[in-house]
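Read the structure below first, then the notes.
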Amino acid sequence: MVPVSEINEARRQALARLEEDRTAAFRRPPLPEDAFERRLAAALSGLPKDQGSRAGLPGPELSVVVGDLASLRAAVRAGAGEVCLSGEQYRSRPPVSLEDIFAGSEACARAGVRFILGSPRILQDGELAGFCRLLEKVRKGHLDGVMAGNLGVIKKMRELTGLPVFTDFSLNVFNIETVRFLLEAGVSRVTLSPELTLEQVRQMAGLLPLPAEVIVHGALPLMVSDYCVTGSLLGEKGKGGSCPAPCRITGCGLKDRKGIVFPVEMDQNCRMHIFNSRDLCVIDDLPELAGAGIAVLRIEARREGAGYVRDVTGAYRAALTEKPGGRSEERLAALKESLARYSPAGFTKGHFYRGVL
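The structure is reproduced here in structure tokens:
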């Protein structure tokens, strides 16, 4: 008998060849440089002239996205200039109440730290109505802005709060046309796509008509699904019974055929979030990013505890004070090493240098 592993490998190779053959006809030839320059100039012609590059402005701010009140307080104490309370509440983390939101906003206000409230990336109609009711309740607090995880909430956020609206990475900002669209929608700051290279980030930052944010550290999500793997395999989801919520335990993950584990979290709406096996970390390259004209550098810690938030935020705050030259590279390397215990699978620099393969 032929081993199942060999059958599966043959199937994968056949599918790979089929995909290669079917996509070959749709590949576009590279755009000539002169044509690219013409298109770029046309796209920029409609942008406002009174905003744009951050050349000559102070260095970037450090923002931390957190998932609970204890982590918010840890970020404030560790030196964050801005804290965003995630709209996605993972079930492995302590639940966030309305009182927690007000307590977090007051803690930030006392420390002179900007407080942002985020929305979930996915909101169906009933969920959107519930989020709008939340906005109406929290607008009386010390909010400095709101972060939109999808297009549908931008207008509602502006109408219900009157606060600056920022966009999350889930809006996939890859180009100037997207920024123009969001600017016309009333957005005050955009988060650039994590799939951009550092060179692309640098080029866009010099042309953008509004401040930009990039993610420099944390666990990045790879997929969101309505299928709850923990509820289906460990609970009673789909069997007519009441799910005991096994997702409340920490350490859930999916292991692929190579033995690599991808962490899994379930949010308040029972959606499954699958994360990269390695945390993004570019603390040793922070001088390059800080000099790229970016307004905000973000730590993604919405699924992490207060200890993680304290140590990572403190390390990046220290890194931002480093001056080029001397033993700066050694100190940055030491800061990175101090964070290694939080990412047992190792770190990745994402797409900043290699792009999307």
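Read in this note's numbering, the sequence shown has 459 at position 317, and its numbers run on one by one without any break.
All C-beta atoms in this analysis are idealised placements derived from N, C-alpha and C, irrespective of residue type, glycine included.
Given the structure is predicted, the values throughout are model-derived calculations rather than measurements.
Should residue i and residue j be called a contact, given that it needs their Cβ atoms to be closer than 9 Å?
{"i": "residue 258", "j": "residue 359", "result": "no"}
{"i": "residue 311", "j": "residue 424", "result": "no"}
{"i": "residue 418", "j": "residue 262", "result": "no"}
{"i": "residue 211", "j": "residue 254", "result": "no"}
{"i": "residue 226", "j": "residue 207", "result": "yes"}
{"i": "residue 439", "j": "residue 204", "result": "yes"}
{"i": "residue 307", "j": "residue 321", "result": "no"}
{"i": "residue 280", "j": "residue 244", "result": "yes"}
{"i": "residue 390", "j": "residue 490", "result": "no"}
{"i": "residue 455", "j": "residue 271", "result": "no"}
{"i": "residue 344", "j": "residue 432", "result": "no"}
{"i": "residue 278", "j": "residue 302", "result": "yes"}
{"i": "residue 356", "j": "residue 416", "result": "no"}
{"i": "residue 260", "j": "residue 218", "result": "no"}
{"i": "residue 394", "j": "residue 388", "result": "yes"}
{"i": "residue 347", "j": "residue 422", "result": "no"}
With DSSP collapsed to three states, give me the class of residue i.
{"i": "residue 160", "result": "helix"}
{"i": "residue 398", "result": "coil"}
{"i": "residue 464", "result": "coil"}
{"i": "residue 476", "result": "helix"}
{"i": "residue 489", "result": "strand"}
{"i": "residue 510", "result": "Here the chain comprises residues numbered 143 to 499, so residue 510 is not present and cannot be evaluated."}
{"i": "residue 190", "result": "Here the model assigns residue 190 a pLDDT of 47, short of 50, so the residue's position is not dependable, and the following value carries that caveat. Reduced to three states, the DSSP call for residue 190 is coil."}
{"i": "residue 389", "result": "helix"}
{"i": "residue 371", "result": "helix"}
Determine the burial state of residue i: buried for a count of at least 16 other Cβ atoms within 10 Å of its Cβ, exposed for fewer.
{"i": "residue 408", "result": "buried"}
{"i": "residue 248", "result": "exposed"}
{"i": "residue 193", "result": "Its pLDDT being 43, under 50, residue 193 is placed unreliably in this model, and the coordinates cannot settle the point."}
{"i": "residue 414", "result": "buried"}
{"i": "residue 364", "result": "exposed"}
{"i": "residue 544", "result": "Residue coverage of the chain in this structure runs from 143 to 499, which leaves residue 544 outside it and unanswerable."}
{"i": "residue 202", "result": "buried"}
{"i": "residue 323", "result": "exposed"}
{"i": "residue 298", "result": "buried"}
{"i": "residue 398", "result": "exposed"}
{"i": "residue 228", "result": "buried"}
{"i": "residue 478", "result": "buried"}
{"i": "residue 309", "result": "buried"}
{"i": "residue 162", "result": "exposed"}
{"i": "residue 353", "result": "buried"}
{"i": "residue 318", "result": "buried"}
{"i": "residue 156", "result": "exposed"}
Less than 8 Å between the CB of residue i and some heavy atom of the ligand ADP, yes or no?
{"i": "residue 210", "result": "Only the bare structure without any ligand can be found here, which leaves the ligand ADP out of the picture."}
### Query
Can we say the segment 226-235 touches the segment 442-453, given the rule of at least three CB pairs closer than 8 Å?
yes
### Cβ contact check for the segment 326-337 and the segment 473-488: 3 or more pairs under 8 Å
no
### Task
For the segment 394-447, list the alpha helix (DSSP H) runs that are entirely contained and at least 4 residues long, ordered along the chain.
428-432
#### Entry: the segment 309-329 touching the segment 484-494, judged by at least three CB pairs closer than 8 Å
no
### Task
Taking only runs that begin and end inside the segment 224-248, name each unbroken beta strand (DSSP E) of 3 or more residues, in chain order.
224-227
### Message
If we require 3 or more residues per run, which beta strand (DSSP E) segments fall completely within the segment 265-352?
### Response
287-290, 307-309, 329-333
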